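Here the structure is laid out as structure tokens; the discussion comes afterwards.
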Amino acid sequence: MIYSLSGTIVDVTKESVAIETGNIAYEVLVSRPFEYRKEDRTRLLTVEIITQDDHYLVGFSTKIEKEAFLSLTSVKGIGPKTALSALSKTTPDELFGAIENSNVSYLKKLPGIGPKAASQIVLDLKGKLAIDESKEKEGKALSPVAEEVKAALKSLGFKAKDIDPVLATFKDETYTRDDLLKACLRKLRNR
């Protein structure tokens, strides 16, 4: 099983990105491919989907996004592509909040989620979404270079809630301050 991929984005389509690691490029389905740009270096956590008729990778920029995907796919009737489509129009925090508050009307607005599926999501997941916040916080420690970039982005008017998820996609890579700033700016401008 492939846990994660780190490398350079070599192609972006409406459903996926291709990430080159060494001499191999992997196509990875992602919820928001428009957030990625060719030539950006990134790290994606992955889930490998193998069925009788299909075999593909799904990628996530954060652990909590992966947790949201795995939670959705554990619900009867919600497949990987439906879960990915739903995540393209929400954040994990909003999704988990809607589930905990039994907000079926919010869930019904997500692509591929009808009234029956929304009710099933609440039934199956409410009270069971214990995300280990300490692990999430451990992953958010920034390197000195990332701290400098965050400060620079704030001075340009970007908010921390927008900067942090973008910086998290680069946390395991080594960049110069200027390269990291440019990569983050490209992602933030295209949100």
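Numbering follows our numbering, with no gaps: position 170 of the sequence shown is 1358.
Each residue gets a CB set at the ideal place from its N, CA and C atoms; glycine is no exception.
This one's a predicted model, so the numbers in the text were calculated from it and none came from an experiment.
Terminal residues of the alpha helix (DSSP H) in which residue i lies
i	result
T1270	1268–1275
V1454	Only positions 1189 to 1379 of the chain appear in this structure, which leaves residue 1454 out of reach.
T1261	1251–1261
L1441	What is shown of the chain runs 1189 to 1379, which leaves residue 1441 out entirely.
L1373	1365–1377
Q1240	Q1240 -> no alpha helix (DSSP H), and no H or E assigned at all.
L1317	Neither: L1317 is in no alpha helix (DSSP H) and is coded neither H nor E.
K1304	1303–1313
For residue i, the three-state DSSP class (helix, strand or coil)
i	result
S1290	coil
D1199	strand
V1235	strand
G1327	Low confidence applies here, because G1327 scores a pLDDT of 46, under 50, leaving its location unreliable and the question unanswered by this model.
L1193	strand
L1298	coil
R1225	coil
T1278	coil
S1219	coil
A1206	strand
Integer Cβ distance of residue i from residue j, believed to fall under 8 Å
i	j	result
F1358	T1279	About 19 Å; that fails the 8 Å criterion.
P1284	L1232	The residue you asked about is not Pro; residue 1284 is Phe in the sequence shown. At roughly 21 Å, the Cβ-Cβ gap does not stay under 8 Å, so F1284 and L1232 are not in contact.
F1222	N1378	6 Å
L1260	K1277	That belief does not hold up - the Cβ atoms of L1260 and K1277 are roughly 13 Å apart, past 8 Å.
Beta-carbon proximity of residue i to residue j, cut-off 8 Å
i	j	result
A1356	S1249	yes
L1313	V1263	yes
Y1214	L1245	yes
E1227	T1196	yes
L1275	S1219	yes
A1286	L1272	no
L1376	D1352	no
Start-to-end residues for the beta strand (DSSP E) that takes in residue i
i	result
L1134	No statement about residue 1134 is possible, as the shown extent of the chain runs from 1189 to 1379 and does not include it.
Three or more C-beta pairs below 8 Å linking the stretch 1295–1309 and the stretch 1258–1275: Remark: three or more beta-carbon pairs, one from each stretch, lie closer than 8 Å, so the stretch 1295–1309 and the stretch 1258–1275 are flagged as touching.
The stretch 1336–1343 contacting the stretch 1362–1378, beta-carbon criterion three pairs below 8 Å: Put simply, the stretch 1336–1343 touches the stretch 1362–1378. At least three CB pairs are less than 8 Å apart.
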